[in-house]
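Per this note's numbering, the sequence shown starts with residue -11, numbered consecutively.
Note that CB positions come from ideal geometry on N, CA and C, so glycine has one too.
Keep in mind it's a predicted model, so treat the numbers as computed, not measured.
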Amino acid sequence: MGLVVDGKWQVDEAYAVDAKGGFVRPQSKFRNWITRDGAPGPSGSGGFAAEAGRYHLYVAGVCPWAHRTRLYHVLKGLAGVVGLSLASSRRTDHGWEFVPGDSALRDPLFDARCVYELYVRADPRYTGRATVPVLWDKKLGTIVSNESSEIIRMFNAAFDDVTGNRADYYPPPLRAEIDALNERIYAKLNNGVYRAGNAKTQEAYEEGARSVFETLDWLEGRLAGRRYLCGDAPTEADWRLFPTLVRFDAAYYFVMKCNLRRLADYPNLHAYTRDLYGMRGIAETVDIAAIKLGYWSNRERNPTGIVPLGPAIDFTAPHDRARLSAKAAE
């Protein structure tokens, strides 16, 4: 993976593990918030007001955490308001890299070669992982946030007065339910696939993998009687789940050894994924080739680096999820 130590890049392939050999995800270090008026958010400093053209979002096509923020960039109509750039999905000894000769994979702000350079620009003495997403403030020349769960909360509301898009994926009446769903799905599934795939002991692997399939089984049952996790409209809980589901058969089933069942073996979950995929602009955020490249080119997990041709995945196939809407039942 590699990390930055006192502003200098260090090659380090080791994942942090607990006493049982279980994968431990590092905490994000930049936790400021963009707000409508620049007032301080729930954490970090103030001074980050929602302004068109001020901010830039860096993502990578393979990364599920970055995918969350890209989804909200689409859902909330932020194109033209918040800039967007992709790093290559193939990580190297220098971590996430840009491709200067490729207009789709270059850094338009600084012509940086690697994402870690952004972290050092923000803090010349930075120590930690250099992950995506990165939400950059061009005005102050720093990173606002590298925590995906908080970036999507900012995008959900902070720019509403700028864009006029007031779609709310975290509505007050559903917040307690959404929070409970997020907590369970993150621990057992979103991060569970990494607990399985990055485990260093059999015990830790089996614990992670079992939690993945227990959660998928539970979600399959929940989605038998409702179109989305909280009812008739998608919420934050759905958009946090979606990146894991679209990666499951192409990457997690094989590379992360989560191979008891495929997403395609869950009729409700598979149709639900296709339902979300078919919403306006969402398909453009999903790049199966980039997902496969990113996971299969990881030499620790796949020493040859060979990327398989399959599996054949079609998220455009018809589904009948609309029958579960309350309006459809009337």
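Helix, strand or coil at residue i according to DSSP, with G and I counted as helix
i       : result
GLN(-2) : strand
GLY282  : helix
ARG287  : coil
TYR216  : strand
ASP308  : coil
ALA67   : coil
ARG249  : coil
GLU105  : helix
ALA37   : strand
Separation of residue j from residue i, as counted between CA atoms
i       : j       : result
ALA252  : GLY269  : 23 Å
LEU229  : ILE173  : 7 Å
ASP201  : GLU191  : It should be pointed out that residue 201 corresponds to Phe in this sequence rather than to Asp. One C-alpha to the other measures close to 16 Å.
GLY(-5) : GLY26   : 28 Å
ALA317  : ALA164  : Because the pLDDT at ALA317 is just 48, under 50, the model does not fix this residue reliably, and the value given afterwards should be weighed accordingly. Each residue's alpha carbon lies about 26 Å from the other.
GLU288  : GLY196  : 19 Å
ALA184  : SER16   : 21 Å
TYR60   : HIS44   : 14 Å
GLY209  : VAL(-8) : 43 Å
ARG250  : PHE236  : 7 Å
ALA305  : THR57   : 25 Å
ASN290  : VAL243  : 8 Å
ARG24   : LEU297  : 46 Å
GLY35   : GLY266  : 37 Å
VAL62   : PHE303  : 18 Å
ARG109  : ARG101  : 13 Å
SER33   : PHE18   : 10 Å
Boundaries of the beta strand (DSSP E) in which residue i is found, first to last residue
i       : result
GLY71   : 70 to 75
LEU(-9) : -9 to -7
Cβ-based neighbour list, residue i, same chain, cut-off 7 Å, excluding 5 preceding and 5 following
i       : result
VAL122  : TYR46, VAL103, LEU106, ILE131, ASN134
PHE147  : ALA38, LYS64, LEU66, VAL69
VAL(-1) : GLY(-10), ASP81
ALA238  : ILE276, ILE279, LYS280, PRO299, ILE301
Chain-order list of residues whose beta-carbon lies under 6 Å from that of residue i (same chain, five-residue window excluded)
i      : result
TYR240 : VAL181, CYS246
LEU281 : SER77, ARG78, VAL295
PRO321 : Coverage of the chain is limited to positions -11 through 318, which leaves residue 321 absent and any answer about it impossible.
LEU169 : LEU217, ALA225
Spatial neighbours of residue i in its chain, beta-carbon cut-off 8 Å, leaving aside the 5 residues before and after
i      : result
THR223 : TYR157, TYR158, PRO159, LEU162, ILE166, TYR216, LEU217
SER313 : ARG215, ASP220
Boundaries of the alpha helix (DSSP H) in which residue i is found, first to last residue
i      : result
LEU204 : 190 to 210
VAL47  : It is not in any alpha helix (DSSP H) - VAL47 instead sits in the beta strand (DSSP E) that spans 43 to 48.
THR273 : Looking at the DSSP string, THR273 is not in any alpha helix (DSSP H), and its letter there is neither H nor E.
TRP227 : 224 to 235
TRP53  : 52 to 63
TYR265 : 255 to 265
Below-9 Å beta-carbon distance, residue i vs any chain B residue
i     : result
PRO52 : Within the model displayed, chain B is absent; a lone protein chain is all it includes.
Residue i Cβ short of 8 Å to the ligand ZN heavy atom set
i      : result
LEU169 : With respect to the ligand ZN, the structure offers nothing, as it holds no ligand at all.
Query raised in the report: What are the uninterrupted segments assigned as beta strand (DSSP E) that are 3 or more residues long and contained completely in the segment 108 to 186, given in chain order?
Result: 122 to 125, 130 to 133
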